[in-house]
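Below is one structure; the comments refer to it alone.
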Amino acid sequence: MVTMKVDPTHPPAAHTATGFSPGFAALGLEASLLATLETLGYEEPTPIQREAIPPLLAGRDLLGQAATGTGKTAAFTLPMLQRIAHAAKQRPSALILVPTRELAIQVSQAVQRYGKELRISVLAVYGGQAIGPQFHALKRGVDVIVATPGRALDHIRRQTLKLSHVQIVVLDEADEMLDMGFAEDLDAILEQTPASKQTALFSATMPPRIKSIAHRHLKDPVEITIAKEPVKAGAAPRVQQTAYVVTRPHRGATLARVLDMAGPKSALVFCRTRLEVDEVTVMLNSRGHRAEAIHGGMSQVQRDRVMNAFRTGQTELLIATDVAARGLDIPQVSHVINYDLPSSAEVYVHRIGRTGRAGREGSAITILDPREQRLLRSIEQHTKAKVTVAPVPTVADLRSKRLERTRAAVREALDEGDLDRFRDVVDALASSGDPAKVAAAAVKLIFRAQGGERMEQDIPAMPIRPQELHRPPHRYTAYPDGRHQGASVRPQERRSGHGGQQAGMARLYIGAGRDAGMRPGDLVGAIANEAKVNSKVIGAIEIEERFSTVDVPEALARGIVEVLSRARIKGRKVTVRLF
Ligand code: AMP
Numbered sequence: 257m258v259t260m261k262v263d264p265t266h267p268p269a270a271h272t273a274t275g276f277s278p279g280f281a282a283l284g285l286e287a288s289l290l291a292t293l294e295t296l297g298y299e300e301p302t303p304i305q306r307e308a309i310p311p312l313l314a315g316r317d318l319l320g321q322a323a324t325g326t327g328k329t330a331a332f333t334l335p336m337l338q339r340i341a342h343a344a345k346q347r348p349s350a351l352i353l354v355p356t357r358e359l360a361i362q363v364s365q366a367v368q369r370y371g372k373e374l375r376i377s378v379l380a381v382y383g384g385q386a387i388g389p390q391f392h393a394l395k396r397g398v399d400v401i402v403a404t405p406g407r408a409l410d411h412i413r414r415q416t417l418k419l420s421h422v423q424i425v426v427l428d429e430a431d432e433m434l435d436m437g438f439a440e441d442l443d444a445i446l447e448q449t450p451a452s453k454q455t456a457l458f459s460a461t462m463p464p465r466i467k468s469i470a471h472r473h474l475k476d477p478v479e480i481t482i483a484k485e486p487v488k489a490g491a492a493p494r495v496q497q498t499a500y501v502v503t504r505p506h507r508g509a510t511l512a513r514v515l516d517m518a519g520p521k522s523a524l525v526f527c528r529t530r531l532e533v534d535e536v537t538v539m540l541n542s543r544g545h546r547a548e549a550i551h552g553g554m555s556q557v558q559r560d561r562v563m564n565a566f567r568t569g570q571t572e573l574l575i576a577t578d579v580a581a582r583g584l585d586i587p588q589v590s591h592v593i594n595y596d597l598p599s600s601a602e603v604y605v606h607r608i609g610r611t612g613r614a615g616r617e618g619s620a621i622t623i624l625d626p627r628e629q630r631l632l633r634s635i636e637q638h639t640k641a642k643v644t645v646a647p648v649p650t651v652a653d654l655r656s657k658r659l660e661r662t663r664a665a666v667r668e669a670l671d672e673g674d675l676d677r678f679r680d681v682v683d684a685l686a687s688s689g690d691p692a693k694v695a696a697a698a699v700k701l702i703f704r705a706q707g708g709e710r711m712e713q714d715i716p717a718m719p720i721r722p723q724e725l726h727r728p729p730h731r732y733t734a735y736p737d738g739r740h741q742g743a744s745v746r747p748q749e750r751r752s753g754h755g756g757q758q759a760g761m762a763r764l765y766i767g768a769g770r771d772a773g774m775r776p777g778d779l780v781g782a783i784a785n786e787a788k789v790n791s792k793v794i795g796a797i798e799i800e801e802r803f804s805t806v807d808v809p810e811a812l813a814r815g816i817v818e819v820l821s822r823a824r825i826k827g828r829k830v831t832v833r834l835f
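Using our numbering, the first residue of the sequence shown is number 257, and each one after it goes up by one.
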């Protein structure tokens, strides 16, 4: 095996006058893909992309250790697209195997996005989806199949999926596929592919089982690991670090909520792409913030103007890409916010180093997707600093924060004095009523003027892996047959990293909890009646404030998710998925 240790430090900013980093071109990607990346607003490759793309383009097999959030999807998709676009069209040319339906959808969307210019067709194939339409699509022919192993094997056995022309196979999140019991399916699928194919295997962890699969299926692979060396002592600044876990559709609202709660005088918000920088800037300005964008696509004159506005306090929020921020002399800020988790620990440290300088207090806030919690843990390990995962502030939290601000503003005006000019108005209003009511009306006006009555949407709470919560959640644990009512999960039943379910059981997330009146019986009823599952086999149920979890036999889990996602629980539709 050829081993490359990736130094995750990005090279110095080297963007051109248009701001587009030559980084991607230097990796050997062709013009149409570079144009797509430019359109998507990617400014430079992430460490895993820098290391994986050249060997994959050269046709090498690859074993890559990378978690979600590092940019690994583009790392394997871009070279795959370039290679299959110019080869003889015998379809399917590429197969990507992923553990879950969500990932199948996500990866197929990425393939579509990156392959637009090259007119590459892609199909996601996963369990739980009607099989009929899949037959038709497969029959018509597609270039890239993104599939979960079970469903892929199903099609192979029905002879509706033939892999004899596949040139490239990617095993994505291989450790999760093994955790879900797909080891034999993977072997059976790979057996159907030509011996001459190129294979890439990505996994967040590299236990011996993964090494063994790699040994069996990869030929002299290039091995890539993001360097594990911790960041130099003292390199990470002492700042309060907090993370909020939300799904992608709620990231914007979460950012706005976090900013509304913090009320920073000067903050730097980091995004991964130029497109995101622009979107976030528009969104924040529409909510009354004074935000300016700064990215590699802007001219020097434009950047100077934005930086001046930020230095003089005319703009309170600077929304930037890493590349743009790297070349700038940015003054100390009170908050650094990662709208996206950066793709490596070094970039994270570099970003948050903009706050908490010279002994001042600083706050670093990260918004991350549930799937990126592992990457956050690896950043914690590298930086040897704790990042507290906290629940997203609720609408009620925000309202009380706003009231507190109004109260502080009134108190300040009282301390300032010089109130006699307004006395007559107060006296006139109070002459026919209660003076406290007059004061309350004035407070209401200030509250409103400060945006206190703006409508806010609820942001659904996401399950935070229990060991990652900064304070113990209020738990109500029950077993449907009455075992352990009110107790918590027995420690010996905990399986590290999986939140404590017994072996052979899978934990489901249900997007409704105590505040929706959810009780264990409602869940047992729904599972037993809708999914026709004997209630005796249902394991621990936990009702949290805003969500619940229930353990069910692993073999039945996906079927139960499928049925419950379509059903109503306590009269309403709720999100149901694997925890
Ligand atoms: P992944 O680790 O593949 O799930 O990617 C995480 C996110 O990073 C996705 O939203 C990608 O669109 C984004 N991304 C991937 N590569 C880059 C890059 N070079 N620059 C900016 N964003 C990227």
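Cβ coordinates follow ideal geometry from the N, Cα and C atoms, glycine included. Note that the structure is a prediction, hence the values are computed from the model and not measured.
- Taking a C-beta distance under 8 Å as the contact criterion, K642 and F458 do not qualify as a contact pair.
- The shortest C-alpha to C-alpha distance from Q570 to any of G612, R528 and K521 is the one to K521.
- Around the Cβ of F703, a 10 Å sphere holds 16 or more other Cβ atoms; the residue is buried.
- At least one heavy atom of the ligand AMP lies less than 7 Å from the C-beta of A330.
- If you look at E602, you'll find it in the alpha helix (DSSP H) that goes A601 to I608.
- Annotation for R369: the continuous alpha helix (DSSP H) segment containing it runs R357 to Y370.
- Counting only runs of at least 4 residues, the segment 413-481 fully encloses the following alpha helix (DSSP H) elements, listed from N- to C-terminal order: 430-435, 439-447 and 464-473.
- Per the C-alpha coordinates, the member of P776, R407, D596 and G827 positioned closest to H506 is D596.
- The DSSP-derived three-state label of F835 is coil.
- M761 sits in a strand when the DSSP states are folded into three classes.
- In the DSSP secondary-structure assignment, S804 is bridged to I766 and I799.
- If one requires a minimum length of 3 residues, the beta strand (DSSP E) runs lying completely within the segment 507-591 are 523-526, 547-550 and 573-576, in chain order.
- When rounded, the separation of the alpha-carbon atoms in A360 and D317 is 22 Å.
- In this structure, A323 sits near S634, with a CB-CB distance shorter than 8 Å.
- Q390: member of the alpha helix (DSSP H) spanning I387 to R396, first to last residue.
- P626 sits in a helix when the DSSP states are folded into three classes.
- Just measuring C-alpha positions, the residue of T831, P647, V806 and E668 sitting nearest E818 is T831.
- Between Y500 and V354, the C-beta spacing is not below 8 Å.
- Going by C-alpha positions, V780 is about 26 Å away from I715.
- In the DSSP assignment, Q305 forms no beta bridge with any residue.
- In this structure, DSSP gives N785 a helical state, which the three-state scheme calls helix.
- Here R667 is exposed: its Cβ has fewer than 16 other Cβ atoms, across all protein chains shown, within 10 Å.
- Out of N594, F566 and S599, the CA that lies nearest to the CA of D585 is found in F566.
- The three-state secondary structure of I702, taken from DSSP, is helix.
- Here the alpha carbon of G552 sits roughly 5 Å from the alpha carbon of A580.
- Judged by DSSP in its simplified three-state form, V645 adopts strand.
- Contact annotation: I623 and V536 have beta-carbon atoms that are not nearer than 8 Å.
- Taking 8 Å as the cut-off, the Cβ atoms of R414 and G383 do not count as close.
- Taken in chain order, the complete alpha helix (DSSP H) segments of 4 or more residues contained in the segment 280-333 are 287-296 and 303-313.
- The C-beta distance from L337 to L293 rounds to 12 Å, too long to fall under 8 Å, and the pair is not in contact.
- Taking a cut-off of 8 Å on C-beta distances, the segment 516-535 does not touch the segment 670-680, as fewer than three cross pairs fall below it.
- Comparing C-alpha distances from G815 to each of R824, L834, S804 and E801 shows the shortest one belongs to L834.
- Counting only residues of its own chain and dropping the five nearest sequence neighbours on each side, H545 has a CB closer than 6 Å to the CB of L573.
- Between P598 and R607, the gap from beta carbon to beta carbon is short of 8 Å.
- In this structure, the C-beta of Q305 approaches the ligand AMP to less than 7 Å from one of its heavy atoms.
- The Cβ-Cβ distance between V495 and K453 does not fall below 8 Å.
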